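Protein chains in written order, with the numbering used here: chain B, -17 to 242; chain Z, 207 to 413; chain H, 8 to 267.
Single-structure report; data block below.
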Amino acid sequence: MIFVEGTIIATIILAFIWLAMIYNIERAKGGKLPRIRAIPALNAIDEAVGRAAEMGGRVLFVNGIGDLTSVSGPETVAGLAVLRYLSKCCAESGIEVVAPLTQAQVIPVASEAMRTGFIEAGNPEAFQEDNIRYVSSSQWGLATSCMGIIGREKAVSSVLVGAFAGECLAIVSAGAEAGVFQIGGCGRNTTQMPWFVSMCDFSLIGEEVYAAGAYLSRDPLELGSLVGQDYGKILTAGLIILGYILYIFGSKALYNILGM
Amino acid sequence: MSFFRRRELYVAITFITGLLTIFDYFISFDALNNTAAALRNWVVLIAYFAIVLGLVNTFVFHGRRVFRKGQQWVYSAWLLFVVVSITLIGIFSGTNHPIYSFLFTNVYGALGPSGYGIMAFFIASAAFRALRARSFEALILLTAVVFTLLYRAPVGGIMPFIPQIGDWIQSVPSAGGMRGIIIGMAIGAIGMGLRTLLGYERGYLPE
Amino acid sequence: MVVMLILMIIPAVNPLGIPIPISDYTREVYNYIENLPSGSIIVVANNVDVALWPEEETFAKALFWHLGEGPHKFVIVNFGADSPLLISGALTDINFEISFPNKKYGDDYVLMGFLAGGETAMASFATNPQGVFEQDFYGTPIEQLSIMKELKGASDIDLIVHITGSDADSPVRQWVETFHIPYAAAPTIGWVPTYMPYYNAGQLVGLIAGVQGGAEYELLIGRPGSGLAINDALSLAFLFTILLAILGNIDHLISRLKGG
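In C-alpha cells form, the structure reads like this:
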C-alpha cells in the first residue's frame, strides 16, 4: 500500500485544513465564537420579507441550477441555509415563499429546510409542500418559471442564492422590470456576478455566499468551519507568495516540493 | 426507534463511503481502489433514479393542481399530457422513431434555444439600463465589458490593439480572479465534505 | 430589440464575410489531433443540452468531419440527457456514414448513450470504459463493438475532446489530474474564463471557444460553413450592444447634468 504519485503534499495540505476546521469548530462550540463582518445583503433579507408583507405578495427563492454532489454543492447548501432563514422570516410574517428547483436530489433537502424554517418560527401548519416545485432540469425552464412566478403569482421580493449560469440574467432582468426587491449572488460563476451587482438591490459576491449559512444561523459549527477554511486560504496565499518570490530568484524548489 | 431510522446509521454509512473514496485518490491498493470504483458505479445508477424522482415530483405537483382545478390547471394538464405521451413514444417506439425525432428536433430543439436566445435581448436591455458609470468601479466594469465584447466579436480580431488587450484581460486579471475563486470554492468544498463526513451536515438525513 | 433582431437576421440571409483570425488555442487542438499516431482513440465527450447546442453544433460537425477524414478512431460518450440525440443528429446532418464509407460503425467509431452522475460518471468512465456501458445508443451489445474492446482503461484514451456547457473543474479534476488523459475543451463562450487558468497552466492541450472557435475550426479543416454566418451575426450583435452601453451612459450623463 503506497501513496499515489504526486499526492503526498496534497495529503498534508488536506490534513492541515481538516485539523484547522476541527480545531475551530471545537473552539466555537466552547463559546469562543469568531466574528464575521457584516454582510449587507444577508441583513437585507428581513427588509425583503417586510416589503412582501406590506404589499401582500410572495417571496421568490431561487437556489439556482446546482446539485448537492457536484462542484456546485457548497453553493447549493449555502442557498438552502438561506432558504431556511428566509422561510423562518416569512413564516413569522405570514407570507408564502416559493422555491422552484431544477435538481431532483435537492427537492427533499429544500423541503426540509423550508419546513424547518416554519417550525422554528412556530408556524409549522403554514408550510405548503406545493411551494417547493420541481420545474425542469433545464436552466431555461427555471428562468421561465421564475418569470412566471414574478408576473403571475405576485412575487414582490426575490432572493437568489446558489449556483447560477445564464438563466440568472433572465430572472434578475424580469425582476428588475417588475420592480421586485432582489437580493442575489453566486459563489463560483464570476461571469454571472455582474448581473447580480448591476440589477439586484443587494448582492453577494464570492465567499459571502459560502458564509451565508454561518452568518444567518450563528451556529458554532458553521462559524468554526468557516474560520477553518480561512486558515486554508491563508496557507494557499502564503504558498503562492513564497513560490513567486522563489521563482523571481530562479528557484523551482517549492514547485518541485508541491509536486511530490 | 427502528434501527434503520437511526441517524447514526446514515452518518456511519456516509463516513465509511466518504473515507473510502477519499483514500482511493491518495492510496494505491487494489482492494481499496476496486471498492471505490464499484461505489462510483453505484452512484451512476442512483443518478438515474434521481431523474425518476424529478418526474414523480412533477406528476405530484401538477397532478394535484389538475385534480383540484387549481390556478391555471389547464397548463398543468397539458404539461402532464406532453410528458406522458413523449415518454410512452420513447419507450415503445424508441428514440430513433420519426415521431420522437420530429418532436425532439422541431419542438424541444426549437424551444430550448429560444429560451437561450432571449438572452440576447436581455443583455441588450441590460447594456442600456444597467451598464452605467455611476461610480469608478462601475466605470472599470463598463470598460472591461466594452473591451471584452470587442475581443469576443470576430470583427474585433481585425481591429488594432483589441486582440492584444483582450488576450491580456483574459489571461491576466480574468484568469487570476478565476484562480482565486476556484481555490476558495475548492476549500469550501473541502469544508462541506468534512462536515458531511463527520455528520455535521444533516440536510440529507431523515427526521 | 427589433434592431437587434434585424442585425442578427441579415448575416443569416446574406453573410458579410467578416474575416475571422484563428486563435492559438483552437489551432492547438487541431494540431494535436493531426499529430496523433494513426489508429489513436479519441473520446468525444458531450454534456451540452438542447438550449446550448446551437453554440456547439458548429464545432461538433467540424470535429466529426475532421475525425472522418483522419486515421483515428473515436468513441462518443454523453454526460447530458439530451446529448445522444443531438450528436446523432449532427452525424446525420453531415451524412457521416455516406461521406466516410471507410469508417465502419463499431470498429472505427461508436455512439454510446447517456451516462448519468456528472463528475462521478466521468471518473467511472475513465476507470473502466467497458464496465459502465452494456450497450451503445442503438442497443448493440458492447461485446459486438470492437472499438470498445480496445478501450480497457484511461491509458487507452489518447485524447478527450469535451463539448461542454459547464465549467472546467470536474473534467480537469478527474480526467487530467487523476487519470492524466490529454484533454481539449470546447466550452460555450460563457464558460471560457473558467477554463483559462487550466489552459494557462498547461493542463489543456487546447480550447475551442464556443461558436467562434467552431468557425475557426471550420476554416482549419477547410470546410467553411454556418459558423461564419453565425459569427457575422455575433459581430453585429456585440457592436450593437456596445452602442447601447454608450447610449445608456450618454443618457445617464445628460440626466446628471440636467439634475445639477
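Glycine included, each C-beta is placed from N, C-alpha and C at the ideal position.
No experiment lies behind these values; they were computed from the predicted model shown.
Notebook entry, point to check: Quick one: complete alpha helix (DSSP H) runs, 4+ long, within the segment 305 to 336 of chain Z?
Noted result: 315 to 335
Closer than 7 Å by beta-carbon distance: list the chain H residues that pair up with Z:THR322, in chain order. Note that residue 322 of chain Z is Tyr in the sequence shown, not Thr. Near Z:TYR322 (Cβ distances below 7 Å), the residues of chain H are ALA58, LEU59.
*Nearest-angstrom Cα distance between H:GLY217 and B:TYR67?*
39 Å
### Query
H:HIS169 by DSSP, collapsed to three states: which one?
strand
Taking 8 Å as the threshold (beta carbon to beta carbon), is Z:ALA339 in contact with chain B? no
request  = Over the uninterrupted beta strand (DSSP E) stretch that includes B:TYR116, give me the two end residues.
outcome  = 114 to 116
For B:VAL44, would you say it is in contact with chain H, using Cβ-to-Cβ distances shorter than 8 Å as the test?
no
Could you name the residues of the segment 122 to 142 of chain H whose beta carbon sits closer than 8 Å to any beta carbon of chain Z, in the order they occur along the chain?
LEU122, ALA123, GLY124, GLY125, THR127, ALA128, ALA130, SER131, THR134, ASN135, GLY138, VAL139
- prompt: Grouping DSSP H, G and I as helix and E and B as strand, with all else coil, what is B:ALA81?
  reply: strand
Within chain B, the residues that Z:THR264 reaches when beta carbons sit closer than 8 Å: TYR116
### Query
Considering B:GLY46, what are the terminal residues of the beta strand (DSSP E) in which it resides?
40 to 46
Quiz item: Taking only beta-carbon atoms, is B:ALA125 less than 8 Å away from chain Z?
Solution: yes
ask   = Beta-carbon of B:THR(-7) versus every beta-carbon of chain H: anything under 8 Å?
value = no
* Asked: So is H:ILE215 buried or exposed if we call it buried at 16+ other beta carbons inside 10 Å?
  -> buried
Query raised in the report: By the 10 Å Cβ neighbour count, where 16 or more other Cβ atoms means buried, how is Z:ASN240 classified, buried or exposed?
Result: exposed
### Task
Spell out whether any CB of chain H is found under 8 Å from the CB atom of Z:PRO304.
no
- Query: Do we get a CB-CB distance below 8 Å when we pair H:PRO178 with the residues of chain B?
  - Reply: no
*asked:* Is H:GLY234 close to chain B? Criterion is C-beta to C-beta, closer than 8 Å.
replied: no
- Cβ of Z:MET398 less than 8 Å from any chain B Cβ? yes
Would you verify that the beta carbon of H:PRO194 is, or is not, closer than 8 Å to some beta carbon of chain B? no
Touch test, the segment 10 to 25 of chain H against the segment 235 to 255 of chain H, Cβ-Cβ under 8 Å, three pairs minimum:
yes
Q. H:VAL36 and H:ALA191: beta carbons closer than 8 Å?
A. yes
Assuming Z:ASN239 is part of the alpha helix (DSSP H), what are its boundary residues? 236 to 273
Assigned secondary structure, H:ASN85 (DSSP; H/G/I helix, E/B strand, else coil): strand
### Run of the beta strand (DSSP E) containing H:PRO194, from where it starts to where it stops
190 to 194
DSSP-derived helix/strand/coil call for H:PRO44: coil
Determine which residues of the segment 147 to 159 of chain B have a Cβ less than 9 Å from any Cβ of chain H, and write them out in chain order. ALA147, GLY148
Margin query: Give me the DSSP bridge partner(s) of B:SER140.
Written below: B:LEU42, B:GLN164
message = Just checking: is the beta-carbon of B:PRO22 within a distance shorter than 8 Å of some beta-carbon in chain Z?
response = no
Exercise. If B:LEU186 and B:VAL143 are in contact, beta carbons under 8 Å, what's the gap, nearest whole angstrom?
Worked result: 7 Å
Sheet register partners of Z:ILE346 (DSSP bridge)
Answer by DSSP bridge pairing: none, since Z:ILE346 is not bridged.
Margin query: On a Cα-Cα basis, can you pick out the residue from Z:LEU285, Z:GLY260, Z:VAL262 that is closest to Z:VAL272?
Written below: Z:LEU285
>> Checking 8 Å against the spacing of the C-beta atoms, do H:PRO91 and H:PHE144 come in under that value?
In response: yes
Please report whether the beta-carbon of Z:TYR231 lies at a distance below 8 Å from any beta-carbon of chain B.
yes
ask   = B:TYR192 lies in the alpha helix (DSSP H); which residues open and close that run?
value = 189 to 199
* Interface flag, Z:PHE342 vs chain B, CB-CB below 8 Å -> no
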